[in-house]
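Worksheet: the structure to be examined is printed underneath.
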Amino acid sequence: MAEYNFSEIEKKWQEYWKVNKTFKAEVDTSKPKFYALDMFPYPSGAGLHVGHPLGYIASDIVSRYKRIKGFNVLHPMGFDAFGLPAEQYAIQTGQHPAITTETNINRYKEQLKNIGFSFDWDKEVRTCDPAYYKWSQWIFLQLFGSWYNKDSDKAESIDSLIAIFEKEGNANVHAVCDDDTPAFTAAEWKAFTEKERQTILLNYRLTYLSETTVNWCPALGTVLSNDEVKEGFSERGGHPVERKLMPQWSMRITAYAEKLLQGLNKIDWPEPLKEMQRNWIGKSIGAEMDVQVEGSDKLIKIFTTRIDTVYGLTFMVLAPEHELVSEITTADQKAEVEKYVAEAKNKSERDRMTNVKTVSGAFTGAYAVHPFSGEKLPIWIADYVLAGYGTGAIMAVPGGDQRDYDFAKHFGLQILPVFENTDISEEANPTKEGKIINEGLLYGLTHEEGVKKAIEFLEEKGIGTGKTNYRLRDAIFARQRYWGEPVPIYFKDGLPYPVAIEDLPVVLPEIDKYLPTEDGDPPLGRATDFTYTPKGETESYPLELSTMPGWAGSSWYWYRYMDAHNEEAFVSDEAQSYWKDVDLYIGGSEHATGHLLYSRFWNKFLHDLGLVGENEPFKKLVNQGMIQGRSNFVYRLRYEVHGVATIDLPQIFISKGLVDKITKIENGKVRMDLHNEADQIIVSKTQEIVGKVFPDKGYTSGYEGLKNGIHVDVSHVDNDVLDIEAFKNWRPDLKEAEFILEDGKYICGYEVEKMSKSKYNVVNPDDIIEKYGADTLRMYEMFLGPLEQFKPWNTHGIDGVFKFLRKAWRLFHDADGNFVVSDAAPSPDEQKIIHKTIKKVQEDIEGLALNTSVSAMMIAVNELTALKCNKREVLEKLVLILSPFAPHISEELWEKLGHQGGVSVSNYPTYDESFLVEASHEYPVSINGKVRVKLSFPVDQDVKEIETEVLAHEIVQKWTNGKPPKKVIIVPKRIINVVV
RNA sequence: GCGGAUGUGGCGAAAUUGGUAGACGCACUAGACUUAGGAUCUAGCGCCGCGAGGCAUGGGGGUUCGAGUCCCUCCAUCCGCACCA
3 MAEYNFSEIE KKWQEYWKVN KTFKAEVDTS KPKFYALDMF PYPSGAGLHV GHPLGYIASD
63 IVSRYKRIKG FNVLHPMGFD AFGLPAEQYA IQTGQHPAIT TETNINRYKE QLKNIGFSFD
123 WDKEVRTCDP AYYKWSQWIF LQLFGSWYNK DSDKAESIDS LIAIFEKEGN ANVHAVCDDD
183 TPAFTAAEWK AFTEKERQTI LLNYRLTYLS ETTVNWCPAL GTVLSNDEVK EGFSERGGHP
243 VERKLMPQWS MRITAYAEKL LQGLNKIDWP EPLKEMQRNW IGKSIGAEMD VQVEGSDKLI
303 KIFTTRIDTV YGLTFMVLAP EHELVSEITT ADQKAEVEKY VAEAKNKSER DRMTNVKTVS
363 GAFTGAYAVH PFSGEKLPIW IADYVLAGYG TGAIMAVPGG DQRDYDFAKH FGLQILPVFE
423 NTDISEEANP TKEGKIINEG LLYGLTHEEG VKKAIEFLEE KGIGTGKTNY RLRDAIFARQ
483 RYWGEPVPIY FKDGLPYPVA IEDLPVVLPE IDKYLPTEDG DPPLGRATDF TYTPKGETES
543 YPLELSTMPG WAGSSWYWYR YMDAHNEEAF VSDEAQSYWK DVDLYIGGSE HATGHLLYSR
603 FWNKFLHDLG LVGENEPFKK LVNQGMIQGR SNFVYRLRYE VHGVATIDLP QIFISKGLVD
663 KITKIENGKV RMDLHNEADQ IIVSKTQEIV GKVFPDKGYT SGYEGLKNGI HVDVSHVDND
723 VLDIEAFKNW RPDLKEAEFI LEDGKYICGY EVEKMSKSKY NVVNPDDIIE KYGADTLRMY
783 EMFLGPLEQF KPWNTHGIDG VFKFLRKAWR LFHDADGNFV VSDAAPSPDE QKIIHKTIKK
843 VQEDIEGLAL NTSVSAMMIA VNELTALKCN KREVLEKLVL ILSPFAPHIS EELWEKLGHQ
903 GGVSVSNYPT YDESFLVEAS HEYPVSINGK VRVKLSFPVD QDVKEIETEV LAHEIVQKWT
963 NGKPPKKVII VPKRIINVVV
């Protein structure tokens with residue numbers, strides 16, 4: 003019998019798609035477009051495991067579906083190829099990262115191709131390719147050459163800013179810029195030296211060089227951006243991170259804080275992810291206020307969201323790093339303050355975080371004047387006030403803020419209640435309820451009224467204003483590493499200048515080893531001639547030695563796919579205005595505050611410059627859940643034999659069930675109780691084994707090491723049963739291993755963990771494909787559960803999906819394997835089966851409920867098999883709805899059905915509702931002679947009229963309180979609708 | 001601490017969004033056909049009960065003729081942020 007030969011079929015059609023360029027996506031204005039994008043992978047050395055393609059399969063199903071729905075589909079794939087692992091590997095081995103990366107990419111591509119994706123490989127991009135990063139550099143220079151004009155609320159060319167400076171100075175310029183930018187007139191601007199001008203312009207540029215506190219990771223030898231640091235450790239490698247002041251390239255993403263926040267309301271993204279971005283942006287609305295230092299003209303600027311509580315203000319707190327600290331500290335307090343500042347400075351980020359609970363601070367000796375009441379307020383410094391947020395200083399309202407309260411309690415400072423009926427003897431009252439009870443301007447007002455009135459007062463007196471703050475920080479945009487895009491900047495007189503556009507790309511130079519120089523410069527400092535000679539000059543200047551961070555190349559790549567080989571522009575207008583934005587983007591939620599935020603930022607910037615049409619890049623986003631590994635464990639009994647070294651004995655492994663029943667484990671050793679059955683088995687078996695090796699010493703003492711199992715390669719385990727022979731041959735030291743079995747089997751323990759080589763739980767898609775075929779793999783990954791959910795991989799259930807495809811195949815073949823389909827008209831039952839399935843599958847694909855659409859097709863095939871249905875009309879439709887999921891088998895059957903050109907040139911079948919509900923009866927029923935009740939139910943349901951009537955009678959009476967309803971629609975045991 | 005999500009058989013999960021809970025698949029049990037079965041087919045499979053029937057969607061309470069679904073409350077697990085004024 004000619005069975006379903008998946009390997010032959012899959013090879014054939016993959017070749018067909020390649021030769022015919024079936025999935026080539028070109029601009030075609032006669033068709034609607036659909037852009038399905040996957041987050042492109044970083045090609046690691048380990049290759050793909052079954053978890054990686056999950057999202058790609060989902061997007062491929064949607065792509066293939068949209069294609070036969072008549073859309074022109076762009077579904078590309080590429081590689082995010084710059085990054086730390088390749089470079090760390092290079093440091094260890096001396097192997098050039100480009101070579102490692104190339105090898106890894108080739109392996110990835112090969113694995114991806116086996117799965118039968120409908121990628122247009124002609125559009126592949128690699129971020130490490132100079133032809134690609136030329137445009138990453140180009141965009142960098144656009145940012146360098148732009149400033150953010152708050153008046154027009156968008157980015158503009160820096161030339162327009164210079165024009166304004168020349169005409170009228172910067173007094174009327176409203177820009178997002180460095181706060182320390184001095185004011186100057188047109189005359190002053192003209193009088194500035196080149197150096198002074200460039201320094202000022204840097205304060206405005208959207209990418210700029212400045213002295214900032216950065217996350218420095220000594221182990222990696224580089225700075226990291228906030229999203230690359232998790233709890234004081236580097237995200238990659240888990241090395242400690244310090245705060246350090248150094249000159250760095252940054253991106254002025256803060257200019258876009260509000261737009262990034264507002265844009266979230268327009269896009270179809272998972273709510274948790276949007277929430278994460280909202281928190282990361284951290285908008286808070288409040289007020290800014292200047293507080294005068296007593297006996298001085300110095301002002302402390304503070305930010306607060308609770309200006310209504312200003313009468314509860316009893317002291318001021320500055321961050322230890324605050325610039326006024328040294329100026330206002332009195333002679334008496336100098337020593338103490340300096341000591342505290344020094345301590346705070348030396349605290350690592352990690353220490354600061356772990357000591358959140360401890361209250362510490364120092365009094366400066368100075369006082370401030372309460373701007374409303376004129377009271378005298380002591381000025382303290384404390385590290386619970388952060389230099390990096392707001393103004394680095396706060397007004398402390400211990401009655402309303404728990405941190406201020408704790409601080410006040412600790413140092414014996416005054417605590418005042420703000421709102422009526424509040425008890426602040428134990429803790430602060432942060433609520434906004436009640437009326438303000440402090441004598442003064444705000445007496446008797448509510449929270450809202452108080453805020454309004456206080457801000458009016460501030461503005462009237464010219465000492466403050468309403469103000470919105472964002473937690474979002476500018477993003478550090480440089481890494482002191484080799485394997486990244488060179489920053490296209492050279493230095494002349496110590497000032498940064500852009501490399502001319504026509505000289506891009508600045509190609510990554512060759513270096514002897516991938517480590518910092520002896521002087522502490524980044525690795526690029528090792529290059530022998532890494533300089534730039536501007537056109538028309540003879541002198542050459544040093545180029546920037548930092549490279550761009552990992553997210554540079556990924557912040558715009560979806561545009562490159564539209565027009566991957568364009569040498570004139572990062573994307574052509576034609577391609578960009580046709581493909582517009584990504585209709586469906588699938589990837590992990592771990593990129594919430596990194597890639598997904600930066601991409602939106604760059605997109606908005608490019609939009610401001612008029613380079614792209616859309617201001618949000620990813621219309622709909624879906625987070626696919628990670629597929630985790632299912633690790634298996636064996637349990638080794640360690641034991642001692644009196645006077646004999648442990649190492650001379652064969653290893654003994656105890657089956658899971660017995661381990662669980664073992665009496666008890668004390669101090670890492672097992673105490674055996676011979677009345678316990680499991681213990682008895684273990685003891686006697688162990689003695690038997692030991693007796694074999696040491697006939698004269700046939701007893702043991704002490705057993706240990708059972709509690710935590712040892713990872714065993716999952717390929718040696720089937721359904722938690724260990725293949726003992728395979729296990730023995732795994733490593734030489736296991737050759738003589740002995741096993742204590744239960745029911746003749748060795749049962750392994752298991753745990754769900756991340757897939758990783760060291761846990762021996764990696765499942766390679768190639769192995770699954772070899773055994774079951776790509777179509778089965780694709781369908782099984784979808785069948786596993788909802789796309790968004792985290793779930794462990796379990797190869798076991800795959801049989802069911804494989805059986806389904808084989809059953810589907812058999813519908814088209816007779817017992818001898820001959821292709822036989824009938825041209826007879828389908829029966830109503832057959833029609834019903836196929837039409838309901840078309841409906842369900844289509845709705846599920848649109849809603850990305852791919853697991854239930856697989857189930858629906860399984861049901862259909864079961865039902866059609868039971869009816870022995872081989873009607874052409876039904877089977878053709880079945881092939882078409884199956885084709886996005888299992889494209890290879892579908893192409894083969896489609897061809898056998900006599901069609902040319904493949905499934906992708908066909909049309910998706912439509913379903914006919916009339917096949918689903920054939921008819922319905924409506925019975926008018928009289929209740930109490932008053933109410934007319936209409937009962938309706940499908941004909942195929944067996945209904946006892948009398949029961950229905952009784953039920954309706956009872957329900958309707960209760961329901962309407964005796965009031966006669968106009969209309970009641972009832973189906974058996976269910977009331978669908980009542981109109982009273 | 002703040003914010004978000006999730007909780008249904010032995011397991012992965014469905015449930016037309018308030019209407020017969022557990023579809024579909026795995027595992028398991030029994031039977032059939034087989035030289036054999038890790039093949040195929042048939043039947044069974046939430047729990048208690050011989051049965052009629054009763055109890056079941058993390059626990060408790062509520063709304064409703066009717067609740068996995070809505071409301072209140074508690075518990076557990078996971079994720080994100082974390083001294084953000």
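Start counting the first sequence at 3; every next residue gets the next number (our numbering). Note that beta-carbon positions come from the ideal geometry of N, C-alpha and C, so glycine has one too.
Open item on the list: Nearer than 6 Å: is that true of the beta carbon of Pro511 relative to any heavy atom of the ligand HEM?
Closed with: No copy of the ligand HEM occurs in the structure displayed, which carries no ligand at all.
Open item on the list: In the DSSP output, which residue or residues are listed as bridge partners for Phe572?
Closed with: Note: Phe572 sits in no beta bridge, so no partner.
TODO: Jot down the residue ranges of each uninterrupted alpha helix (DSSP H) in the region 245-302, minimum 4 residues, whole runs only, in chain order.
DONE: 259-265, 273-283
Task: Assigned secondary structure, Pro380 (DSSP; H/G/I helix, E/B strand, else coil) - done: In this structure, Pro380 counts as strand in the three-state DSSP scheme.
- [ ] May I ask you to verify whether the region 770-779 touches the region 117-137, counting CB pairs closer than 8 Å and requiring at least 3?
- [x] Pairwise C-beta distances place the region 770-779 in contact with the region 117-137, as three or more of them are shorter than 8 Å.
Task: Contacting residues, own chain, Cβ-Cβ under 8 Å from Asp944 (five flanking each side not counted) - done: Residue confidence is low: Asp944 scores 37 on pLDDT, short of 50, so the model does not pin down where it sits. No coordinate-derived value is stated.
Task: Exposure of Ala577, with buried meaning 16 or more beta-carbon neighbours within 10 Å - done: buried
- [ ] Tell me whether Ala817 is buried or exposed, calling it buried when 16 or more other Cβ atoms sit within 10 Å of its Cβ.
- [x] exposed
Open item on the list: If I measure Cβ to Cβ from Glu947 and keep anything under 6 Å in the same chain, skipping five residues before and after, which residues do I get?
Closed with: With a pLDDT of 39 at Glu947, under the threshold of 50, the modelled position of this residue cannot be trusted, and the question is left open.
Task: Where the alpha helix (DSSP H) containing Trp795 begins and where it ends - done: For Trp795, there is no enclosing alpha helix (DSSP H), as DSSP gives it neither H nor E.
Task: Reduced DSSP secondary structure (H/G/I, E/B, other) of Glu126 - done: coil
TODO: Starting from the C-beta of Cys871, find all residues in its chain whose C-beta is less than 6 Å away, skip the five residues before and the five after it, and write them out in chain order.
DONE: Glu832
Task: At least three beta-carbon pairs within less than 8 Å, the region 152-167 to the region 514-530 - done: They do not touch, by the three-pair rule.
TODO: Taking the CB atoms as reference points, tell me whether Pro500 and Thr549 lie closer together than 7 Å.
DONE: no
Open item on the list: According to DSSP, Ser159 sits in a beta bridge with which residue or residues?
Closed with: Looking at the DSSP assignment, Ser159 forms a beta bridge with Ser148.
Task: Nonlocal neighbours in the same chain, by C-beta distance under 7 Å from Val216, ignoring five residues either side - done: Val225, Lys246, Met248, Gln250, Ile478
- [ ] Would you list the one or two residues that DSSP bridges to Gly468?
- [x] Ala289
Task: Through-space distance from Asp720 to Ile649, alpha-carbon basis - done: For Ile649, the pLDDT reaches just 47, beneath the cut-off of 50, and the residue's location in the model is therefore unreliable, leaving the point undetermined.
Open item on the list: So, for Val127: in the same chain, excluding its five sequence neighbours on each side, which residues have a beta-carbon less than 8 Å away from its beta-carbon?
Closed with: Phe42, Pro78, Gly80, Phe81, Tyr134, Tyr559, Arg562, Tyr563, Ala566
Open item on the list: Give the list of continuous alpha helix (DSSP H) stretches no shorter than 4 residues that lie fully inside the region 83-130.
Closed with: 86-95, 99-116
Task: Ile59 versus Glu915 - alpha carbon distance - done: So the two alpha carbons sit approximately 30 Å from each other.
Open item on the list: Can you tell me which residues form a DSSP beta bridge with Lys35?
Closed with: Asn74
- [ ] Could you say which of Leu586, Glu618, Ser579, Pro507 lies nearest to Glu569 if we only look at CA atoms?
- [x] Pro507
TODO: Give the straight-line distance between the Cα atoms of Gln97 and Tyr91, rounded to the nearest whole angstrom.
DONE: Each residue's Cα considered, the two are about 7 Å apart.
- [ ] Put Glu196 into one of helix, strand or coil per three-state DSSP.
- [x] helix
TODO: Count the CB pairs spanning the region 781-796 and the region 861-875 that are closer than 8 Å, and state whether there are at least three.
DONE: no
Task: Span of the beta strand (DSSP E) around Asn853 - done: From DSSP, Asn853 is part of no beta strand (DSSP E) but of the alpha helix (DSSP H) over 852-868.
Open item on the list: Counting C-beta neighbours from all protein chains within 10 Å, is the total for Ile503 16 or more, i.e. buried, or is it exposed?
Closed with: exposed
TODO: Give the single residue among Thr306, Gly468, Tyr580 whose Cα lies nearest to the Cα of Asp30.
DONE: Tyr580
Open item on the list: Using the Cβ count rule (16 or more neighbours within 10 Å means buried), how would you classify Arg632?
Closed with: buried
Task: Leu639 - DSSP class collapsed to helix/strand/coil - done: strand
Task: When Ile891, Asp310, Asn74 are compared against Ala456, the one with the closest alpha-carbon - done: From the listed residues Ile891, Asp310, Asn74, the smallest Cα separation to Ala456 is found for Asp310.
Open item on the list: For a test of the three-state rule: what should DSSP assign to Ser212, helix, strand or coil?
Closed with: In this structure, Ser212 counts as strand in the three-state DSSP scheme.
Task: Spatially closest choice to Ser252 from Cys219, Met278, Thr209, Pro274, by CA coordinates - done: Thr209
Task: Burial state of Asp425, where buried means 16 or more other Cβ atoms lie within 10 Å - done: Asp425 is exposed by the Cβ-count criterion.
Task: beta strand (DSSP E) runs wholly inside the region 546-607, at least 3 long, in chain order - done: 586-589
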